[in-house]
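Written below as structure tokens is the structure these notes are about.
There are 2 protein chains.
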Amino acid sequence: MKIEEEIKQSAFKNAYQKVAINLIYTAGWLQNKQQEFFKPFGITSSQFNILRILRGQHPGKISGAEIKSRMLDKNSDIPRLLDRLIKKNLISKTPCPNDKRAADIIITEEGLQVLNQIDFQIDESEKTLIQLSKEEALQLSSLLDKCRG
Amino acid sequence: MKIEEEIKQSAFKNAYQKVAINLIYTAGWLQNKQQEFFKPFGITSSQFNILRILRGQHPGKISGAEIKSRMLDKNSDIPRLLDRLIKKNLISKTPCPNDKRAADIIITEEGLQVLNQIDFQIDESEKTLIQLSKEEALQLSSLLDKCRG
DNA sequence: TATTGATATATGTTTAAACATCCATATAGT
DNA sequence: ACTATATGGATGTTTAAACATATATCAATA
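Here is the structure:
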């Protein structure tokens, strides 16, 4: 379904308005799907984002600030996102010995398990969700890179 | 800057994971810019979305349900978004005579004025923000349409 | 017309985002 | 060493999103 039909708007002012609207609409669509996907696992997509970052470092530690710099949403409220993950025993936090301001964050075994369960399903789900050939997916990705300037 | 650098992740599992992440990242980037843009006007981008829909009907009326079906974010909490716009005198709501459940929403003169002020600036801002040629913008838009299946 | 199911909206509650402010510590320059 | 500034993080408050449920009305039909 074209964006015109999705939001019942027959015309756009120009190609830039159209692509801006389509981009936000499509990302919202994807995020809704992801949200549904993550619900049975008891986490949100931001929380998944953090877990994935931490797994990339495992068994290393990483600071909150470093997590922030790697997040998809750079405005994330990291302290409170971390609190929620700690409450679920998916990550743990210890004071950093080198920098007393900072904390060392590490993913727990339980966190790794949850993540592995998710991975098992996420690949297939992404491929069937995104109705593009591999080449088109790469092309779309590179247009997105370019679009940000 | 490529998505790999933006989120400091050197590789992705496959083209679909990459494009999904890039899409959400890029939409977030755009939404942040829009948010900054709208701030001086005292509205959010969802509120702008509603105003634009209402102007499209002006001087006609439209129901909340109809607004919802045209929103970019289909999960919007319409009643409360409308409340906020009413409080700012940008729209007004009257009971619908044909259907006593529904309300007739209409944009006010003040709402139209705010919208016109915004339009004056938004076009240029979108064109300089989105670093694509017109052709690339259309191509990106059509890949987004296709991607949703 | 009485009933069933759908529709339009409102509202309560929980959770998270947005924004500002604050504190401790680290770093750089003098 | 001392001061200014930057950084990492916590926390308070306001606002909005998410989710469920409630209420009134409508439309179809038995």
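Chains as they are written, first to last, in my numbering: chain A, 1 to 149; chain B, 1001 to 1149. No residue lacks a Cβ here, since even glycine has one placed at the ideal position from N, Cα and C.
Exposed or buried, which one is residue i when buried takes at least 16 other CB atoms within 10 Å?
i, result
"D1119(B)", "exposed"
"G60(A)", "exposed"
"R1148(B)", "buried"
"N1014(B)", "exposed"
"N1089(B)", "exposed"
"E1006(B)", "buried"
"A65(A)", "exposed"
"T94(A)", "exposed"
"E1126(B)", "buried"
What did DSSP end up calling residue i once you bin it into helix, strand or coil?
i, result
"S1133(B)", "coil"
"T1108(B)", "coil"
"S92(A)", "strand"
"A1103(B)", "strand"
"I7(A)", "coil"
"I1043(B)", "coil"
Leaving out five residues on either side along the sequence, give the residues of the same chain with a beta carbon under 8 Å from the beta carbon of residue i.
i, result
"L129(A)", "L30, K33"
"I1122(B)", "F1037"
Do you know whose CA, among the options, lies nearest residue i's CA?
i, options, result
"L51(A)", "N75(A), R84(A), A27(A), P40(A)", "R84(A)"
"P79(A)", "D104(A), F41(A), E6(A)", "D104(A)"
"S46(A)", "R55(A), T26(A), L81(A), Y16(A)", "L81(A)"
"Q1009(B)", "S63(A), K100(A), N49(A)", "N49(A)"
"H1058(B)", "S1092(B), C1096(B), S1133(B), I1106(B)", "I1106(B)"
"E110(A)", "D77(A), S92(A), D123(A)", "S92(A)"
Suppose the cutoff is 6 Å on Cβ atoms and the five residues either side in sequence are ignored; what does the same chain contact list for residue i look like?
i, result
"K18(A)", "F12"
"I1053(B)", "I1067, R1070"
"E36(A)", "none"
Which same chain residues end up closer than 7 Å to residue i when comparing Cβ atoms and leaving out the 5 residues on each side of it in sequence?
i, result
"K1087(B)", "none"
"A137(A)", "I130"
"K146(A)", "none"
"E1004(B)", "S1010"
"A27(A)", "none"
Is the beta carbon of residue i within less than 7 Å of some heavy atom of the ligand GTP?
i, result
"K1100(B)", "Because no ligand of any kind appears in the structure shown, any question about the ligand GTP cannot be addressed here."
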